[in-house]
Structures are given as structure tokens and as C-alpha cells.
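Residue numbers (the numbering used here): 24 to 720.
For each residue, glycine too, the CB sits at the ideal point set by N, CA and C.
Written out as C-alpha cells, the structure is:
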């Protein structure tokens, strides 16, 4: 009956959409049930197959002979077997296990598996000889190797600890306010003291009457004189308050306005971003090596290191949008599991299957980002006359929109991520319906996914953003807090007074922010960011000998000028490889007619990079690019996954290790430039391969 059942399982072509039952095979159909052989044929011994394997004994009875006690399989069972039965090398391996070779066949062919098992250069044994003895470490690793699920946490956590050490080591140096820390740190401190950002005096004019550099106030603040702020609210907000509250949390935790305290939460956020990056890559590519490499690229990138060691808002924006993206990936996996489970139930009901669609080879291999069946590779997709269950809501998706609202509470550019990610998530729902096999998936995407998602996504996003302004609502003398009462009949009149005042504050500050166009020597344009053709010199110090003529150990090279810098520039291995792979991902997705992972890798670029094309006349800086750094890394991961799927295991390992080694080597070479370590001028210039990096130095 085994042969009869297997052949019957291949009868998917005989299934008629009208009644969802199996059509009887014709007498000439080679896929039909096999007739019982005669008694003389059944007495013959089985002959070995040409490939050296022993065929099973022919069946001696059928369901028609009346001697079999096994009932004939149902139509659903035969269809399910056709969709899930192994093929190719997997089927041959199962056949060999069920019918092991005889002693005579083993004598003629001592290694019958060698013909069926191709030489795998990635095997730990000798290439072309799987039976070769592996090394001692390989044997130990095979015995003690954790599961892939455990490794998906262990390896990224180890890399996160290493990246955290890089970020927290010497975090209190330099003991001065660096670049825009002069705005955010002092505002955070006054918010912690009074609930609202306050103005600080211009030291020279207002305290001594002598015009001096404004940086003198920064020096006094860093030296501990943090109580010199005035009672006047800050004249303008260029960003919402949440990022400054995050900086204030570090100062509250460590008891004062010290460099380590005001940079602590930035370093913590940068360390968390490493773990989130690995989990996102694991969700997308389902490979621990790729996920670990993603963590390595985040841990050793210059942009991520510098902004994790500086109290500037962009690192908070990046970690929040990355966390939201991971939540949306979790929602996608949850929705896909629910759709597949419902589809199995729909197929089992009579009369629901309307047609079958053959799967392309790339779909069976999972090149679109999904493996269609864990236990086998089906050849067709059964389309049912249903739109499927509602998957618009999950707690993962709700958490994503809350995080995006908080991201907008750090910088208003978080709103671009909300718009792009909301559309992307709904698109994933529709794509899931299509690949599972639901009819009318496009219409249901709009009705069941898009509209229902919008009903709670927009309120959740708005409420999370408004929560970031809680201190403004609670502080009576906050800036423009009572504008509505002072200007009745103006603004959005149907709103309550407090919200009307807040709307007017936003209108004023956004108009001011759009008008920031003064020249800055460290500024750059958005088209320079993906290849890191520009840098931002956050701090430049020309080191002079001390009173006794000594210099720092890293500068004591027998003369010459020394320089210490904090240059916000990325790791070129990360950015150049990632940018090239992003271009390759688009080309490959177009050629293969779609790949949702390529769109996922580009989504952060669309949200974090492209909108700046509308602000080419405004003053912008290269460190804004850290917000889309995770998606540059996903581009590099996409390239590694392409090598894994199209090449050999050895080629994948070699390219992965080469990328990791290149990233770490460049990071070690550039680390002094990123972290204010003094260097002789000639050695510092060796670390400036691009001339545009020297602007502002």
C-alpha cells in the first residue's frame, strides 16, 4: 500500500475546484493508483535500482482485492501528502533510511551515500568526503552547541556587552559640553529643576559687562556651577522635550550635572541598539551568523559610537524607531501564522478551493523571505474563496505605534518613520494574504488591514506624542502655556485652550526650524550621507604641552603638533558595503518580482534619509544619518543572505568573517579620532582619507 498511497498523493492535478474532491484517474494516467501485480510477479525478488539502492517489495494486494485491511486515504490526506512530501535529495535520504542497502550492495559500494550527498565545501570534514573525522573543536562544538533559539540571544548579548564597554569606557571625557550638548544638556538640567527649559545668561555681558565668548558659560556649567540659569522660559524649542528628559534621567540617577551623568542614557541607548539590531536581522533573515554580524556592524560603527558617547538627541530617535520596526516584524510573523492556520481550515472545508497556482522555484526555496512549509516544499498554492481573518490588531503593532509617537517626541523627524512604517506594515498584511492563498487579498488589505489599523494607530501615536509634553502642561509658566487665553478667537478655536496653545507653539517653532539656513563649516547635504562623504567635527582641540613641557602619552613622539578630535563619521566598511547592497537589493527585487525583505531594508532609508531632500537649503549635519544606520546595516545583511542562498556555506562564512574583520580593524584604527584621544598631526591625517572630512577642523 505504500506505493499506492504515494502515487495517489501526487494526484493534486486531478482535484476539481467545483467540489474540492479528487477526480478519478484515467487508465492511462501514470499518476493513478497502481494495479496489483500477479502472483508470479510478486514472487520475484526485488532488483537493485541503478543508483545502488534497494527498492521495496512490490505490493501484493490492493483495496480492490479485498485482502488489505488498510483503508484508502481520503482526498484531503492525499492532497496534503502531495503538498508536503519531500523531494530531491531529501526524498532519497528518506528512501535510503527506510530501505538500507544489503550486505552485497555494501560490498560493491562501501559508501552508498557519497553519490547522493554532494560535496559541501562548508562541511567541517574534508571537502568531498563527509565521513572524514572533524577536528577536536568541531566535535566539542557539536556536542555542546546551544540551540539556534538560544544562540539568537547569546551571541548578540555578547556583542552588546562588548559594544557597551566601548561606549562606557572613558564616557566622562572630555569634561566639557560637546557641540549641541550646550543646548540639550543645559535645557535638560533646568527641566529637571523647574519642569521647563530655562534661559542661561551670556556670561560676559550679563555677569561682568565684558563681552566674551559664550562658551565661558559652558565651561562654568561643566565645572559644577549649574545654578546660574534664569527664571525666563527658553525662547524657542527646536525639538520636543522627550529627548531632553532622557538626558535629565541620567543626571537624576547619578546625582548631578557631571559629564558621565548627562551622557549615561545616550550610551545606554546605543548599547540597547546593538541588541535590537541583531533581533531585527534575525527576524528578517532567520540566520544567527547574519544577526551576529548585524550586531557587530552596529557595535563598531563610528556614527553609533560617537553619538552614544555624546548627549545629542539622534541616538534616542534611532533606538526608538528601531524598536518600533522590531515590533512590526513581530506583528508580521504573528499575522502570518494566524493566516496560515486559518487557511488550513479553509482548505479542509468542501468547495472553498477555487484554483491552484504553481509556485516558482524561488518561492519554494524561500527567496522571497518566507519558507512556505517547514516540513516540506509544496509545488502549488491553493487559493480559497475567502479573504481570511482580521489581523489588523496585535499588541506588537500597538507597541510599535506608541514607540513611534515617543520617537516623534524626541525629534519631529520621527513622524516620517510613522508614516512609512504604518504603510509598510499594512502592505505586509496584504502580502501575507497573497502568499498564503486568499482570494481578493488587495481589497481585504485596504478594508480589513488598512482602515482598521488606522482606527487605533493614529490615536495611539498622537496620545504617545502628547504624553511627551506632560511637563509643559503641568508647568504654569511654561513658554506659550497660556497663549490661548491671551489670544481668544485665534488659532484652532475648536480645541481646548491648552491644546490650542500647544498647536500655536508648534507652528511657531517649526517655522523657525525651517528657516535655519546659516552657513556652518561642519554642515553637509543629504546626498553625501550614505557614503559618509562628510563628517561633523563635534570637538577639535590642539594639544599643547603642560607647564612642565610634557604631552599625553599618545602624543609623546618627539615633537610636532598634536590634535584631539571627536569626529562624527561612520565606519566606511559598514556604510560602503551597506549602500552597495541596498542598490543590489532593489535590482534583485525587481528582477525576481518582489522581495519584502528588500522593501524592509529600504523603508528606513525612505523615512530617515529621503525627506531631507526637501531641505537642501537648510543647515543640516551628517550625524542625522545615524537614524537610518540600522537600515544600511540591513542592506549589508541582505547581501550576506544572498550569498548564503546562492553560494556555498564556505563562501558565506568567508565573506561574513571578512566583513567582520574589516569593520573591527577600521574601528580600532579610527577609535582615537572618534573618542578625543590626542594624536600627532601626521598620524591623525592618516585617518582622514576623504578631504571633505577636514571641513570645520
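{"Check": "Quick check on DSSP: helix, strand or coil for residue 380?", "Outcome": "strand"}
{"Check": "Excluding sequence positions up to five away, which residues of its chain have a Cβ less than 7 Å from the Cβ of residue 191?", "Outcome": "290"}
{"Check": "From residue 397 to residue 379, what distance separates their C-alpha atoms?", "Outcome": "Because the pLDDT of residue 397 is 43, which lies under 50, any placement of that residue in the model is unreliable, and the question is left without a value."}
{"Check": "Within the same chain, show all residues whose beta-carbon is closer than 7 Å to that of residue 683, passing over the 5 residues directly before and after it, in chain order.", "Outcome": "316 and 319"}
{"Check": "Tell me, to the nearest whole angstrom, how far the beta carbon of residue 335 is from that of residue 542; I am working on the premise that it is less than 8 Å.", "Outcome": "That belief does not hold up - the Cβ atoms of residue 335 and residue 542 are roughly 21 Å apart, past 8 Å."}
{"Check": "Tell me whether residue 215 sits in a helix, a strand or coil according to DSSP, three-state version.", "Outcome": "helix"}
{"Check": "On the three-state DSSP scale, how would you describe residue 653?", "Outcome": "helix"}
{"Check": "Do residue 484 and residue 450 have their beta-carbon atoms positioned less than 8 Å apart in this structure?", "Outcome": "no"}
{"Check": "Cβ of residue 364 within 7 Å of any heavy atom in the ligand PLP?", "Outcome": "As for the ligand PLP, it is missing from this structure, which has no ligand bound."}
{"Check": "Buried or exposed for residue 637, please, with buried defined as at least 16 other CB atoms from any protein chain shown within 10 angstroms of its CB.", "Outcome": "exposed"}
{"Check": "So is residue 641 in contact with chain D if we call contact Cβ pairs under 8 Å?", "Outcome": "Given the protein chain composition of this structure (a single chain), no chain D is represented."}
{"Check": "Inspect the beta-carbon positions of residue 492 and residue 264 and report whether they are closer than 8 Å.", "Outcome": "yes"}
{"Check": "Just mark residue 659 as buried or exposed, buried being the case when its beta carbon has 16 or more other beta carbons within 10 Å.", "Outcome": "buried"}
{"Check": "Please return the same chain residues whose Cβ sits closer than 6 Å to the Cβ of residue 202, not counting the five positions on each side in sequence.", "Outcome": "561"}
{"Check": "May I ask you to report which of helix, strand or coil DSSP gives residue 454?", "Outcome": "helix"}
{"Check": "With DSSP as the reference, please indicate the residues paired to residue 727 in a beta bridge.", "Outcome": "For residue 727 there is no data in the structure shown, the boundaries of the chain being 24 and 720."}
{"Check": "Going by alpha carbons, who is nearest to residue 565 out of 488, 588, 554 and 547?", "Outcome": "588"}
{"Check": "Please confirm if the segment 650-657 is in contact with the segment 406-426, defined as three or more CB-CB distances below 8 Å between the two stretches.", "Outcome": "no"}
{"Check": "Classify residue 433 as helix, strand or coil using the three-state DSSP reduction.", "Outcome": "coil"}
{"Check": "Please list, in chain order, all residues of the same chain as residue 639 whose beta carbon is under 8 Å from its beta carbon, the five residues on each side excluded.", "Outcome": "548 and 549"}
{"Check": "Which same chain residues, not among the five before or five after residue 696, have their C-beta less than 6 Å away from its C-beta?", "Outcome": "588, 590 and 710"}
{"Check": "Would you call residue 714 buried or exposed, if buried means 16 or more other Cβ atoms sit within 10 Å of its Cβ?", "Outcome": "exposed"}
{"Check": "Pairs of beta-carbons, one from the segment 210-220 and one from the segment 248-256, closer than 8 Å: are there three or more?", "Outcome": "yes"}
{"Check": "Roughly how many whole angstroms lie between the Cα atoms of residue 602 and residue 554?", "Outcome": "7 Å"}
{"Check": "Alpha carbons only, please: which of 172, 286, 526 and 439 is nearest the one belonging to residue 310?", "Outcome": "172"}
{"Check": "Quick one: what's residue 341 bridged to in DSSP?", "Outcome": "The partner list for residue 341 (beta bridge, DSSP) is empty, contrary to what the question assumes."}
{"Check": "Since residue 588 is in the beta strand (DSSP E), which residue starts that stretch and which ends it?", "Outcome": "585-591"}
{"Check": "Determine the DSSP secondary structure at residue 671, reduced to helix, strand or coil.", "Outcome": "coil"}
{"Check": "Which runs of the alpha helix (DSSP H) at least 4 residues long sit entirely within the segment 507-558? Give them in chain order.", "Outcome": "520-537"}
{"Check": "Among residues of its own chain, excluding the 5 on either side of residue 712, which ones have a beta-carbon nearer than 7 Å to its beta-carbon?", "Outcome": "none"}
{"Check": "Starting from residue 407, trace the alpha helix (DSSP H) both ways and give me its first and last residue.", "Outcome": "Unbroken run through residue 407 is the beta strand (DSSP E), 403-407; no alpha helix (DSSP H)."}
{"Check": "Would you mind stating whether residue 305 and residue 455 have Cβ atoms separated by less than 8 Å?", "Outcome": "no"}
{"Check": "DSSP beta-bridge partners for residue 562?", "Outcome": "589"}
{"Check": "Using the Cα positions of residue 161 and residue 673, report the straight-line distance between them to the nearest angstrom.", "Outcome": "15 Å"}
{"Check": "Just reading off the alpha helix (DSSP H) that residue 316 is part of, what are its end residues?", "Outcome": "311-322"}
{"Check": "Among the residues of its own chain, which have a CB less than 6 Å from the CB of residue 586, if the five just before and after it don't count?", "Outcome": "565, 704 and 707"}
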